[in-house]
Each structure stands twice: as C-alpha cells, then as structure tokens.
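For reference, the structure discussed in these notes is given below.
Number of protein chains: 2
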Amino acid sequence: MKPAFLKGLKLGNGVLKDALDRDLVRVEALIRDSLRSDQPFIAGLTETVLAPHGKRLRPALVLLAAEQPGASSQAALLAAAVVEMIHTATLLHDDVVDAGLQRRGRPTLNAASGDGAAILMGDFVYSRAITLLVEAELTQVLGLLATTVHRMSVGELMQLDLRNQGLLEQEVYRRVIYEKTARLIEACCATGSILAGAPAASVAAYADFGRNVGMAFQIVDDVLDFEADPHTLGKPVGSDLAEGKQTLPLLLAHAAAGPGERARLEALLAAGAESRQEVVDLVRRLGGPRAALADARRYGEAARAALGRLPAGDIRRALDATVDYVVEREH
Amino acid sequence: MKPAFLKGLKLGNGVLKDALDRDLVRVEALIRDSLRSDQPFIAGLTETVLAPHGKRLRPALVLLAAEQPGASSQAALLAAAVVEMIHTATLLHDDVVDAGLQRRGRPTLNAASGDGAAILMGDFVYSRAITLLVEAELTQVLGLLATTVHRMSVGELMQLDLRNQGLLEQEVYRRVIYEKTARLIEACCATGSILAGAPAASVAAYADFGRNVGMAFQIVDDVLDFEADPHTLGKPVGSDLAEGKQTLPLLLAHAAAGPGERARLEALLAAGAESRQEVVDLVRRLGGPRAALADARRYGEAARAALGRLPAGDIRRALDATVDYVVEREH
Numbered sequence: 000m001k002p003a004f005l006k007g008l009k010l011g012n013g014v015l016k017d018a019l020d021r022d023l024v025r026v027e028a029l030i031r032d033s034l035r036s037d038q039p040f041i042a043g044l045t046e047t048v049l050a051p052h053g054k055r056l057r058p059a060l061v062l063l064a065a066e067q068p069g070a071s072s073q074a075a076l077l078a079a080a081v082v083e084m085i086h087t088a089t090l091l092h093d094d095v096v097d098a099g100l101q102r103r104g105r106p107t108l109n110a111a112s113g114d115g116a117a118i119l120m121g122d123f124v125y126s127r128a129i130t131l132l133v134e135a136e137l138t139q140v141l142g143l144l145a146t147t148v149h150r151m152s153v154g155e156l157m158q159l160d161l162r163n164q165g166l167l168e169q170e171v172y173r174r175v176i177y178e179k180t181a182r183l184i185e186a187c188c189a190t191g192s193i194l195a196g197a198p199a200a201s202v203a204a205y206a207d208f209g210r211n212v213g214m215a216f217q218i219v220d221d222v223l224d225f226e227a228d229p230h231t232l233g234k235p236v237g238s239d240l241a242e243g244k245q246t247l248p249l250l251l252a253h254a255a256a257g258p259g260e261r262a263r264l265e266a267l268l269a270a271g272a273e274s275r276q277e278v279v280d281l282v283r284r285l286g287g288p289r290a291a292l293a294d295a296r297r298y299g300e301a302a303r304a305a306l307g308r309l310p311a312g313d314i315r316r317a318l319d320a321t322v323d324y325v326v327e328r329e330h
Numbered sequence: 000m001k002p003a004f005l006k007g008l009k010l011g012n013g014v015l016k017d018a019l020d021r022d023l024v025r026v027e028a029l030i031r032d033s034l035r036s037d038q039p040f041i042a043g044l045t046e047t048v049l050a051p052h053g054k055r056l057r058p059a060l061v062l063l064a065a066e067q068p069g070a071s072s073q074a075a076l077l078a079a080a081v082v083e084m085i086h087t088a089t090l091l092h093d094d095v096v097d098a099g100l101q102r103r104g105r106p107t108l109n110a111a112s113g114d115g116a117a118i119l120m121g122d123f124v125y126s127r128a129i130t131l132l133v134e135a136e137l138t139q140v141l142g143l144l145a146t147t148v149h150r151m152s153v154g155e156l157m158q159l160d161l162r163n164q165g166l167l168e169q170e171v172y173r174r175v176i177y178e179k180t181a182r183l184i185e186a187c188c189a190t191g192s193i194l195a196g197a198p199a200a201s202v203a204a205y206a207d208f209g210r211n212v213g214m215a216f217q218i219v220d221d222v223l224d225f226e227a228d229p230h231t232l233g234k235p236v237g238s239d240l241a242e243g244k245q246t247l248p249l250l251l252a253h254a255a256a257g258p259g260e261r262a263r264l265e266a267l268l269a270a271g272a273e274s275r276q277e278v279v280d281l282v283r284r285l286g287g288p289r290a291a292l293a294d295a296r297r298y299g300e301a302a303r304a305a306l307g308r309l310p311a312g313d314i315r316r317a318l319d320a321t322v323d324y325v326v327e328r329e330h
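So the protein lines, in turn, are chains W and R.
According to numbering that gives the first Met the number 0, the first sequence is numbered sequentially starting from 0.
According to numbering that gives the first Met the number 0, the second sequence is numbered sequentially starting from 0.
Have a look at this one:
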C-alpha cells in the first residue's frame, strides 16, 4: 500500500514517485526494526501503533530534501525514520492529553489499551528515536531534532493553557501551531538538506519551505475539523472545539461577524459542549473555514517562493506538488 | 535546605559533605535555568515540579563518581542536572500511569494540574535534558543516558503488563526493577566516572556499584510501601498493591508461607482492593518486608565489593556511606 502522501501527490513524474515509495518502504522497515522488543506486550503495542499508516509526509520531506529519492543515503533513511517516530510519539501523548478516541479511522492507543500504555509507548518510541541518532552519530541533526521536540512540548503546553480561555489573538494561534506542528516539518526539510551536504543558503530555503508547508498543513487540519467528511477524516468533526481548542476558522469567523452574530458566537462558545454543533454551523455560515483555507494557501505560496531559491528540477517539482497536496487534501 | 540525600548521609567527613552540598546547589540552579520559560503557565508548572526537593541521590552519585566534589567540572555539574531532570520526567509520567496522587508529601502534578499537564511537562523536562547534553557535546554520556531512558520505558511497560497478573517470578521482578530504577543509578555512576576520564576498569567498577545500589534502592522502596510511616514516606502505605504491583516483600512472603497461608494470600490478592489492608498485614506477618530488606542488604554488600576495586579515600568512604543510607532510609 502506498502511503497516503504518495497517493495524494500529483506528480507528472511516476519515476520519482516510485523511487520515493521504495525509500519509504525502507524507512518503514527501519522503524519496525528499531522498535523490535523481546517483550510480547511491547511488540503487540508497537504493532497497534504502526498498523494505521499515516501520511508519511514528514519522512518523504526528509528524503526529498536529501535530493536522492530511490537512492537515499543510510543517514537520510534513518533521519526519515526518526522524524516519523518523533511524530508518532507526539501523537500518542497528544491523544492522551486530548482524550482523543479515534485517529486514522481506528481507536487511538489510549482508547484501545489505556492511557498508561499510550504514555509509556510514546516515551519508548521517542527515546528510541534519540538513540538512533546518537548511534548513527548524526550530531547536527540530533541537535536540531532534540530542540524541535522540546519546542513541540512548549507548543502543546501553550495549547493546554489556552483551552477554554477567552478568544485567542490570531498571533497566539500562529505561535502555537508553529511550535506544535510547523517546527517539525521545517526541521524535516532542513534535516534532509543538511544530510545532503547542501550549502547554508539551500538549507535555509528548505527550512523556509518546510515552515510554511507546516503552517499550511496545520491550518488545513483545523479547517478539516469543521468541514471534512468524518469517514474520510478518520475522526469526528468538531473534535477541536470539543477539546477546547480555538482554531483559525473560528477566529476568522469571529473577526468577520457583525455585532449580533459575534455576540451569538461568544454565547454559544460559553455554553460549552451542548452547543458545539451550532458553533460549527455558525462558523461555517460566517465563512471561517473558507477564510482559513485562503490563509493556508498564502502559506502555500510562501512555501513556493522559498522553492524559487532552489535549483529547478524534479525535486523542486515534487515539493511544489507537495504544497498542492497539503492545501487540497481531504483528510 | 540540604537535600535529603545529604541529610541522611552518615559521613565522618563534614568537608566532603559541604563540598557536595555546594555542587548540588549549583546543579539545582542549572536545572532551574534550563527549564526557564517565557510562558507563565509553563513557568508555574516548572515551579510546582521543582519545589518538593527530592533526595538528589542521582546527581550526588554523578558528582561523587566524578571525584571532585566542591570543584566539579562544568560537564559533571551539567550531567548531574540532566540525570535529575530525567528522573523528574520519569516520575511525572509514572504518576500519571499509576494515577498516583501524592509524592514527597505533596499532591502530584497530575493530581494538582491534570494528566495533560503532567504528561507534557514530562516531555518538556526530558527533551530539555537531551538538548543540554547535545549542546555540551557530551556525546558518550548522551549515548549512555539516551539508551538508559529507552530501557527505563521498557521496564515501565513490563511493569504495566504484569499488573494484576498471576504471581510473578522473582527473576521477572528483578529484571523490571533493574530496567526501571537500577539502570539510571548505574548510568549516574558510570557517567561521573567517564567525565572524570577514569580508566575502563574504574568505570566498570562504578557501574557495578551503581547497579547494585539501584537494586537495593528499589527493593527498599518496595519494603517501605509495606512498612513505612505514611507521614515520613510522603504517600500512603500499600500504594504498590493498589496499583497492581507485585513487589519483593509480597513474593518472599508467598515463598515463605505454608500451604494454608499461601492459599489465603492468593485469595486475598484475587479479592482486589477491599482486602488490601489484609494483604499488607499478612505479608508483614509472613516476614516478607524483613526478608526483602535482607535481600536489599545483599545488593548493598555487592555494591561495597565493587567499591573495593576503586582506590581508597574520601570518595570511596562517601560511596560506602551511601550504601548505608540507601538500605537504612525511612522514606
């Protein structure tokens, strides 16, 4: 089965797509090998964690930025495995924090095996990712990714703090999504480029690209929480509101509303769980998701502008198609 | 306030104790500096996490094994801060996993601020510890400690798996406490010694010492859960049983019991929460805690034997006194 990212990528170039796919299969094998355990309990949990294939966007970006898809260096494959492991560990903890019951159309590990198993498996996967980088002596990448993980925890803590508070400033929302989501995608692109031995200007262009893709990615995620088909999305719509998270569609709907609708929106938010569907409906009616999608597209354009600083070719075309995928995806 | 470890250490040599104390104050400052945040929410949680001083056994062992207490190198102070941060992060997650409400006489962070805050603060503290080692380029120590953290998560997962199962084999119990507790104390002693540039034979002796101290430490912890004064212990007695954990006092009581008492113990265990006090009483009556303490003392003697491979002097005397402290402590 091709990862969701490759299925969704509109590349004229089938050769590159197949090459990337071959590498991602090797990345998958690296992840499984690294998480192997002589303890049947741990092996079973690992299977549950790895079974629902994610989009594999992050490892694909490492491999693209390393610029040798199909013939990636061992270091690039390993770094690709590590970023996916970091992402997986983060999801395991986030789902406990948010009491999330479904992800990728399946029960979350906390729902299936309890909070304790999900917390400890997050620690197990994350700490293994770090040891992989140490063993491979990828010091610069280790420095970047360790800092990234630390800042992601800051983003998650900020988000926790902001739950059920008064309406957020947009700038606060943007800082939170940068820390919790965009930083890792930025780091993926920088990592690939560093491992390819690219000059500093290219590493910076890749990082800029990744940061903007990351911002677009999270905003689209937040839009989908208002708009998606729950079946395609793999989890219920309105989950963010249920978890007390204010996202850009809500903030832009509020900004666009006239005084009456604004007061109504605030009252519905204050009323809590029982008026959630009404909030979703009102945010949609006020054009919040559409405006947020336009915002995501602006990040997409900024990402394309960063690409303009890189040499033209197949890789740049693939990264351009990645932007389309990120802003047009339906789950 | 002197850390609990120093207060409990019976050293003839007040000079060494004061020197170690000065270093531990610097370690404490390093931890606080490293966890500083511009986010008031995070700063507040950090304060709650750091306020109840722990024993500081782990950083003290790093500093003793580095053999320059009072004049420790920056690397040794940093490594001492890191091991305490790792320990702290582990406790934060363990308390969520165990739904522990009290530690060191105070509410746990999960009790005070919720599971989400405790999980994310664990991630925040642990990931910062890793970045400290990366920034300081302490590569060998990073490799050792990253592996240690990974194996600790394996130990915690094994413990979770074994909850509420049939009676454990003693060897399984020993493997779990090695992974979850003794490995870090072993790594502390090896770390100090590595940073002092000690020859391989000394690093191995320090590691052996630490492993045995760690085993003794955990067994005494498990004894205290049956025997301690809850006020001195800072948490309720019988917590392990409440969390479905089978520890050495129980296993040795079971092994020592005649057929009738053995059947009664098994029936009480199967009956669950309501018969917990009766289990505690029966385990005590069967001499489980006393036998486990004798077992801990044997690890203490093995630790002293490892010390015999190190040069005589103040440091060795302090490590010897540490063994006394570990097996005689009341909390």
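The C-beta atom is built at its ideal place from N, Cα and C for all residues, glycine as well.
Are the C-beta atoms of residue i and some chain W residue less than 8 Å apart?
| i | result |
| --- | --- |
| R:Gln217 | no |
| R:Thr107 | no |
| R:Glu155 | yes |
| R:Val175 | no |
| R:Thr87 | no |
State yes or no: is the beta carbon of residue i nearer than 8 Å to at least one beta carbon in chain R?
| i | result |
| --- | --- |
| W:Asp220 | no |
| W:Asp114 | yes |
| W:Gln38 | yes |
| W:Ile41 | yes |
| W:Ser152 | yes |
| W:Ser71 | no |
From the DSSP output, in three-state form, read off residue i for me.
| i | result |
| --- | --- |
| W:Arg55 | coil |
| W:Pro235 | coil |
| R:Pro334 | What the structure shows of chain R is the stretch from 0 to 330, and residue 334 of chain R is not part of that stretch, so it cannot be assessed. |
| W:Gln217 | helix |
| W:Gln101 | strand |
| W:Leu309 | coil |
| W:Thr138 | helix |
| R:Ser71 | coil |
| R:Gln158 | helix |
| W:Thr45 | helix |
| W:His330 | coil |
| R:Thr87 | helix |
| W:Asp228 | coil |
| W:Leu5 | helix |
| R:Thr246 | coil |
| W:Met0 | Confidence at W:Met0 is low in this model, with a pLDDT of 49, below 50, so its placement is unreliable and the value that follows should be read with caution. Coil, per DSSP. |
| W:Leu167 | coil |
| R:Ala359 | Nothing in the structure corresponds to residue 359 of chain R, since chain R is present only between 0 and 330. |
| W:Ser152 | helix |
| R:Gly257 | coil |
| R:Glu66 | coil |
| W:Arg35 | coil |
| W:Ala241 | helix |
| W:Ala252 | helix |
For residue i, which residues in the same chain have their Cβ closer than 6 Å to its Cβ, ignoring the five residues on either side in sequence?
| i | result |
| --- | --- |
| W:Ala42 | Ser36 |
| R:Ile176 | Gln217 |
| W:Ala197 | none |
Identify, in the order they occur along the chain, each residue of the same chain with its Cβ nearer than 7 Å to the Cβ of residue i, setting aside the five sequence neighbours on each side.
| i | result |
| --- | --- |
| W:Arg261 | His253 |
| W:Val95 | Asn109, Asp114, Ala117 and Ile118 |
| R:Leu100 | Pro106, Thr107 and Ala110 |
| R:Pro248 | Asp221, Val222, Phe225, Val282, Gly287, Pro288 and Ala291 |
| R:Thr89 | Met151 |
Let me check understanding here. Comparing Cα to Cα, which of the options lies closest to residue i?
| i | options | result |
| --- | --- | --- |
| W:Leu10 | W:Arg316, W:Gly196 and W:Val212 | W:Arg316 |
| R:Val325 | R:Tyr298, R:Ala305 and R:Gly142 | R:Tyr298 |
| W:Arg283 | W:Pro310, W:Leu306 and W:Leu250 | W:Leu250 |
| W:Ser192 | W:Ala74, W:Ile129 and W:Glu83 | W:Ala74 |
| W:Arg55 | W:Gln169, W:Gly312, W:Asp122 and W:Leu76 | W:Leu76 |
| R:Asp294 | R:Glu327, R:Ala145 and R:Ser126 | R:Glu327 |
| W:Val61 | W:Ala78, W:Ala50 and W:Leu144 | W:Ala78 |
| R:Leu132 | R:Lys6, R:Glu273, R:Ala88 and R:Ala80 | R:Ala80 |
| R:Met84 | R:Ala145, R:Ala70 and R:Gly69 | R:Ala145 |
| R:Ala135 | W:Glu134, W:Leu137, W:Gly142 and W:Ile129 | W:Gly142 |
| R:Leu183 | R:Leu167, R:Gly209 and R:Asp20 | R:Gly209 |
Exercise for the section: Can you check the region 182 to 215 of chain R for any alpha helix (DSSP H) of at least 4 residues that lies completely inside it and give the ranges in chain order? Expected result: Along the length of the region 182 to 215 of chain R, whole alpha helix (DSSP H) runs at least 4 residues long occupy 182 to 194, reported in chain order.
Problem - Segments assigned alpha helix (DSSP H), at least 4 residues, entirely inside the region 271 to 315 of chain R - result: Restricting attention to alpha helix (DSSP H) runs no shorter than 4 residues, the region 271 to 315 of chain R encloses them at 275 to 284 and 287 to 306, ordered along the chain.
Problem - Every unbroken alpha helix (DSSP H) within the region 109 to 136 of chain W, with a cutoff of 4 residues, ordered by chain - result: 114 to 134
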